[in-house]
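Written below as structure tokens is the structure these notes are about.
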Amino acid sequence: MLKKITLLVILNFLVISLLVPVVYEVAYYGKVYPGVMVEKIDLGNLTPQKSQEKLEKEITKKIPQEIVFQLEDQTWRINTQDINLKFNTTQVVSLAYRTGRQGNLINKTKEKIAAWKEEINIGLQWQFDQEKIDNQVDLIAKAIDVPGKATQVFYQGTRIFVNPGQEGLSLDQRKLKEFISSRIAHLDSQPIIIPTRTINPIPDQEAINKLQQQAQTLVGKKIILKLEEEDFLIADTDLVSFLHYNPSIIDNNITDWVSNFSAAVNRSPKNAKFDFQNNSLIIIEPSWSGRKVTEEDLTVIIQEALGKLINQPEKELVYSLPAETIPAKIKAENIDILGIKEKIGQGESFFRGSSSARIHNIKTAAEKLNGQLIAPEEIFSFNKSIEEISTQAGYQTGYIIKDGQTIPGVGGGVCQVSTTMFRTILNAGLPIEERHPHAYRVGVYEQESHPGLDATVFAPSPDLKFKNDTGYYILIQTHFFPQDWRLVIDFYGTQDGRISNLSNFRLWDIAPPPPALYIDDSSLPEGEIKQIDWAAYGAKAAFDWEVTRNGKILQKDTFYSYYQPWQAKYLRGTGGN
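First residue of the sequence shown: 698, per the working numbering; consecutive thereafter.
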């Protein structure tokens, strides 16, 4: 009898165990399981549609109208409408509905039990205009940031000075943005206490005394860095300036010093310069090797040496300066393998009527090109070859064409040199990689020349570029004849039989310049007229270019130039005398 009762109980248990899950599934078919919440909003026993309606209603009630930031007695606010705050309720409701319905049977059961215990709370998914948040954070940073001043140690004359500096304050922008995201995600309207960091904390008297003692031990000591025949000295004034109570600041001070030192000591290699005279190549400037300080190694050396000088009695420490030697590519001993035997191209232009500043700049740019070598397969850049155009580089202020205007600018006249080189490249038959005509016809470029044979440059762009495909080096040689108002650029190398032909020069659609423009200028006396731009006829120009060798076409192109009609401009004085 007892066995029958036991069996009956077991069967009932099995039946109930099987029926309960079935009943549970039937009861919540098409509904979110009980206990599933989104930010503490219970969606249990609701269909996805009803869940979304409830969620949107509750979010509307709870969403903060503004985000408030506080720091002591200062307050900032962001209206949440201004940052286009939106919540993705569709996606989060879908996630709530799938809770307990995905994965294997064990995972499903675990999720259902956790939900029944109200242990599942799904976070909201949201988005806002990050740029507007960033802008507000930047405004707060500008209002509260105080840069402070780092502690500094000086050795002047015979005395040690310690400037404790000034404590600063900095907004922790990363943490503040995290707080903003958290407030939005949890529909929290509590003010955000702005997180800050102390910058350059002021040392106490004990730290100051220690810095003075360390500085005193460095007086009269030095580090000597040797490189070949040169000695570089790090004197006690520099050693003392490295000191700080914070080791990381010492490292920064040393790194800054090394960076400045390297900038002064580093040297670029320089190729030898040559001149072609009487059918032979001669050296006009020797080459020299460059050098580059290995900054990381030097920093380590100084860090270690500083510790030794503070703690040991040595007065000086000597090290080899860690530096890389960079050899010049072209040296005097390379002269026989350059392959420079004869003239392979020539271009010329005239500059009658140019101002003294323009003539000076033509000469300066031409001199920078003179003697340069172009390696086989190298793409030559005019802008890079003449380097910086500035008063420090020897140029004067003249008129330049920039952004569709003729304006005063440093280096006016350099385009005379690029135009001349363009003609040399054409006559040498070398492939042209980049060339730009001027915006309008410049009369000086049409002196004893067809229209369309000009090339404008302005660093970094536009540029004039070509490739040396001759298989040998090319030597650039410039000839400046101020008495004849003439510039000549020659290329020397090895002839390979190519023949360049320029033909079919044409000019059409000639258009007169617009009427002159007068601009009132109170800085000029009344009635005075000053011309600042010159009229030019507009036109379209073109010519054909073909390069052949042994009957085979190497280059074939048509160069077009579209010149705008150009308006004369005058300043008309309206000021007093």
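Note that the Cβ used here is the ideal one computed from N, Cα and C, for glycine as well.
No experiment lies behind these values; they were computed from the predicted model shown.
Just tell me which of Leu1003, Asp994, Thr1022, Tyr1016 has its CA closest to the CA of Asn963.
-> Working through the sequence shown from its first residue, we reach residue 963 at position 266. Asn963 has its Cα closest to that of Thr1022, out of Leu1003, Asp994, Thr1022, Tyr1016.
Take Lys829 as the anchor and find which of Leu802, Tyr852, Lys874 has the nearest alpha-carbon.
-> Position 132 of the sequence shown, counted from the start, is the residue given in the question as residue 829. Nearest C-alpha to Lys829: Lys874.
Do Pro1134 and Ala1236 have their C-beta atoms closer together than 8 Å?
-> Residue mapping note: residue 1134 aligns to position 437 of the sequence shown, counting from 1. Residue mapping note: residue 1236 aligns to position 539 of the sequence shown, counting from 1. No, they are not a contact pair.
Would you call the stretch 949–969 and the stretch 985–1002 touching, i.e. three or more CB-CB distances under 8 Å?
-> yes
With Thr952 as the anchor, note down where its alpha helix (DSSP H) starts and where it stops.
-> Walking along the sequence shown from the start, residue 952 turns up at place 255. Where Thr952 is concerned, the enclosing alpha helix (DSSP H) stretches over 944–962.
Straight-line gap, Ser791 to Leu743 (C-alpha atoms, nearest Å) = Taking the first residue of the sequence shown as 1, we reach residue 791 at position 94. Taking the first residue of the sequence shown as 1, we reach residue 743 at position 46. In a straight line, the C-alpha of Ser791 is about 12 Å away from that of Leu743.
Where does Ile1059 fall in DSSP's three states?
-> Counted from its first residue, the sequence shown places residue 1059 at position 362. Three-state DSSP puts Ile1059 in a helix.
Taking three-plus beta-carbon pairs below 8 Å as touching, is the stretch 876–885 in contact with the stretch 854–864?
-> no
How long is the line joining the alpha carbons of Ala811 and Gly732, rounded to whole angstroms?
-> In the sequence shown, residue 811 corresponds to position 114, counting from 1. In the sequence shown, residue 732 corresponds to position 35, counting from 1. Their backbone Cα atoms lie some 8 Å apart in a straight line.
Exposure of Arg871, with buried meaning 16 or more beta-carbon neighbours within 10 Å = Against the sequence shown, residue 871 aligns to sequence position 174. That one is exposed.
If you draw a straight line from the C-alpha of Ile764 to the C-alpha of Val735, how long is it?
-> Taking the sequence shown and counting its residues from 1, one reaches residue 764 at position 67. Taking the sequence shown and counting its residues from 1, one reaches residue 735 at position 38. The straight-line gap from Cα to Cα measures roughly 21 Å.
Could you check the C-alpha separation between Pro1024 and Glu1130 for me, to the nearest Å?
-> Here the question's residue 1024 lines up with position 327 in the sequence shown. Here the question's residue 1130 lines up with position 433 in the sequence shown. Between Pro1024 and Glu1130, the C-alpha separation is close to 29 Å.
Assign Tyr1142 to one of three DSSP states: helix, strand, or coil.
-> The residue given as residue 1142 occupies position 445 in the sequence shown. Residue state, collapsed to three classes: helix.
Secondary structure, beta strand (DSSP E): runs of 3+ residues fully inside the stretch 739–825 | 763–768, 771–776
Where does Glu1223 land, buried or exposed, given buried means 16+ other C-beta within 10 angstroms?
-> On the sequence shown, position 526 is the one that residue 1223 refers to. Burial call: exposed.
Could you say which of Asn1165, Glu1075, Phe1188, Gly1050 lies nearest to Gln1144 if we only look at CA atoms?
-> Along the sequence shown, read from residue 1 onward, the residue named residue 1144 stands at position 447. Minimum Cα distance to Gln1144 is reached at Gly1050.
With Asn950 and Phe1077 assumed to form a contact (beta carbons below 8 Å), what rounded beta-carbon distance in angstroms separates them?
-> The residue labelled residue 950 in the question sits at position 253 within the sequence shown. The residue labelled residue 1077 in the question sits at position 380 within the sequence shown. No, Asn950 and Phe1077 are not in contact; Cβ-Cβ is about 43 Å, not under 8 Å.
Span separating the alpha-carbon of Glu1064 from that of Asp1160 | Along the sequence shown, read from residue 1 onward, the residue named residue 1064 stands at position 367. Along the sequence shown, read from residue 1 onward, the residue named residue 1160 stands at position 463. Cα to Cα, Glu1064 sits roughly 19 Å from Asp1160.
State yes or no: is the C-beta of Thr895 within less than 8 Å of the C-beta of Glu864?
-> Against the sequence shown, residue 895 aligns to sequence position 198. Against the sequence shown, residue 864 aligns to sequence position 167. It is a contact, given that the beta carbons lie within the stated cut-off.
Does the Cβ of Thr1061 have 16 or more other Cβ atoms within 10 Å, making it buried, or fewer, making it exposed?
-> Numbered from its first residue, the sequence shown carries residue 1061 at position 364. Buried, since its Cβ has 16 or more Cβ neighbours within 10 Å.
According to the Cβ coordinates, are Asn1198 and Phe1240 closer than 8 Å?
-> Numbered from its first residue, the sequence shown carries residue 1198 at position 501. Numbered from its first residue, the sequence shown carries residue 1240 at position 543. No, Cβ-Cβ distance for Asn1198 and Phe1240 is not below 8 Å.
Within 10 angstroms of the Cβ of Val712, are there 16 or more other Cβ atoms? Answer buried if so, exposed if not.
-> Taking the first residue of the sequence shown as 1, we reach residue 712 at position 15. Any answer about Val712 is weak, because its pLDDT of 49 lies below 50 and its placement is not dependable; what the coordinates show is given next. So Val712 ends up on the exposed side.
Bridge partners - Val1015, DSSP secondary structure assignment = Counting from one through the sequence shown, the residue named residue 1015 turns up at place 318. Val1015 is bridged to Ile921.
Integer Cβ distance of Val850 from Ser938, believed to fall under 8 Å = Position 153 of the sequence shown holds residue 850. Position 241 of the sequence shown holds residue 938. Rounded, the Cβ-Cβ distance is 6 Å, consistent with contact.
Could you give the DSSP three-state label for Tyr721: helix, strand or coil?
-> Position 24 of the sequence shown, counted from the start, is the residue given in the question as residue 721. In the structure shown, Tyr721 sits in a helix (DSSP, three-state: H, G or I).
Under 8 Å between C-beta atoms of Asn781 and Phe825 | On the sequence shown, position 84 is the one that residue 781 refers to. On the sequence shown, position 128 is the one that residue 825 refers to. Contact: yes.
Where the alpha helix (DSSP H) through Glu903 begins and ends = Here residue 903 is taken as the residue at index 206 of the sequence shown, counted from 1. Note, Glu903: alpha helix (DSSP H), 902–915.
Consult DSSP for Pro1179 and reduce its assignment to one of helix, strand or coil.
-> As a working note, residue 1179 is residue 482 in the sequence shown. Note: Pro1179 maps to helix in three-state DSSP.
In chain order, what residues of the same chain have a beta carbon less than 6 Å from the beta carbon of Glu1075, not counting five sequence neighbours either side?
-> On the sequence shown, residue 1075 is found 378 positions in, with the first residue counted as 1. Asn1165, listed in sequence order.
Given Gly1091, which residues of its chain have a CB within under 7 Å of its CB, disregarding the five upstream and five downstream residues?
-> For this step, residue 1091 is matched to residue 394 along the sequence shown. Excluding sequence neighbours, Gly1091 sits near Thr1061.
Backbone CA spacing between Leu915 and Leu936 [nearest angstrom] | Here residue 915 is taken as the residue at index 218 of the sequence shown, counted from 1. Here residue 936 is taken as the residue at index 239 of the sequence shown, counted from 1. Rounded to the nearest angstrom, the two C-alpha atoms are 7 Å apart.
Just mark Ala912 as buried or exposed, buried being the case when its beta carbon has 16 or more other beta carbons within 10 Å.
-> Indexing the sequence shown from 1 puts residue 912 at position 215. Looking at its Cβ environment, which holds 16 or more other Cβ atoms inside 10 Å, Ala912 is buried.
Does the Cβ-Cβ distance between Ser1017 and Lys918 come in under 8 Å?
-> Locating residue 1017 in the sequence shown gives position 320, counting from the first residue. Locating residue 918 in the sequence shown gives position 221, counting from the first residue. No. Outside cutoff.
Check whether the Cβ atoms of Pro1275 and Pro1179 lie closer than 8 Å to each other.
-> No statement about residue 1275 is possible, as the shown extent of the chain runs from 698 to 1274 and does not include it.
Give a yes or no on whether the C-beta atoms belonging to Lys970 and Thr1191 are separated by under 8 Å.
-> Numbered from 1 along the sequence shown, position 273 holds the residue referred to as residue 970. Numbered from 1 along the sequence shown, position 494 holds the residue referred to as residue 1191. Result no, Cβ atoms of Lys970 and Thr1191 do not sit closer than 8 Å.
Excluding sequence positions up to five away, which residues of its chain have a Cβ less than 6 Å from the Cβ of Ile1216?
-> Residue mapping note: residue 1216 aligns to position 519 of the sequence shown, counting from 1. These residues qualify, in order along the chain: Leu1268.
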